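Residue numbers (my numbering): 13 to 191.
We put the CB at the ideal spot given by N, CA and C, even for glycine.
For clarity, every value in this text was computed on a predicted model and none was experimentally measured.
Have a look at the structure below, then the notes.
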DNA sequence: TAAGTGATCTCT
DNA sequence: GAGATCACTTAA
């Protein structure tokens with residue numbers, strides 16, 4: 013394909029860092045989906061970080077299983093899993109191979125809610141473990157937009173009460189404030 | 001506020 | 001193999 017590339021695709025270098033750092037910087041980046049040779053780009057506005065084995069809210073905290081295996085994989089692959097019998101959730105894997113970490117993409121402009129997002133972009137198990145690259149028709153691009161720290165809200169993650177008071181309260185959800 | 005829905009994980 | 005749980009959404 014010979015499309016004019018206005019976004020720089022983000023790769024392993026960007027994602028091989030702590031999930032909290034990647035999460036915050038993902039705000040203002042673009043989630044890009046290609047359908048029928050057309051690229052659709054949406055600015056990321058809401059994310060959550062899941063970092064390391066110690067994070068009790070993370071799927072990885074009980075160690076490696078078949079389900080959470082992608083979290084232990086190389087930075088910049090997708091971790092897509094099924095919950096509540098009906099929803100797919102999209103995560104990008106962070107940290108080096110063997111170190112479990114991921115950022116849940118909760119919202120893009122005009123689509124709030126992690127399960128609505130995957131439905132809207134037709135994301136499911138097919139994307140699990142795939143590299144986030146243009147070739148795979150689902151990736152994250154940088155259009156060099158700067159989100160001022162002032163308008164980033166840091167709040168507790170959603171639906172993680174089971175993690176206990178300490179981990180449930182960590183402000184690992186990053187949201188771009190509405191203006 | 002509660003139900004829907006099924007894969008996954010943790011016990012027996 | 002059984003039972004509980006779950007990074008959610010929608011309708012009431």
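What are the partner residues of residue i, as DSSP defines its beta bridges?
i, result
"residue 103", "91, 116"
"residue 192", "The structure shown has nothing for residue 192, since the chain only spans 13 to 191."
"residue 167", "185"
"residue 97", "BP columns for residue 97 are empty, so no partner."
"residue 124", "119"
Apply the 10 Å Cβ neighbour rule to residue i and answer buried if 16 or more other Cβ atoms are within range, or exposed otherwise.
i, result
"residue 66", "exposed"
"residue 182", "buried"
"residue 156", "exposed"
"residue 49", "exposed"
"residue 47", "exposed"
"residue 14", "The predicted model places residue 14 with a pLDDT of 49, which falls under 50 and marks its position as unreliable, so this point remains unresolved."
Give a yes or no on whether the C-beta atoms belonging to residue i and residue j are separated by under 9 Å.
i, j, result
"residue 106", "residue 63", "yes"
"residue 122", "residue 54", "yes"
"residue 135", "residue 45", "yes"
"residue 82", "residue 141", "yes"
"residue 70", "residue 113", "yes"
"residue 32", "residue 72", "no"
"residue 143", "residue 179", "no"
"residue 188", "residue 152", "no"
"residue 154", "residue 39", "no"
"residue 115", "residue 59", "yes"
"residue 101", "residue 126", "yes"
"residue 133", "residue 184", "no"
Terminal residues of the continuous beta strand (DSSP E) containing residue i?
i, result
"residue 152", "150–154"
Checklist line | Start-end ranges of the beta strand (DSSP E) lying completely within the segment 17–76, minimum 3 residues | finding: 42–47, 50–63
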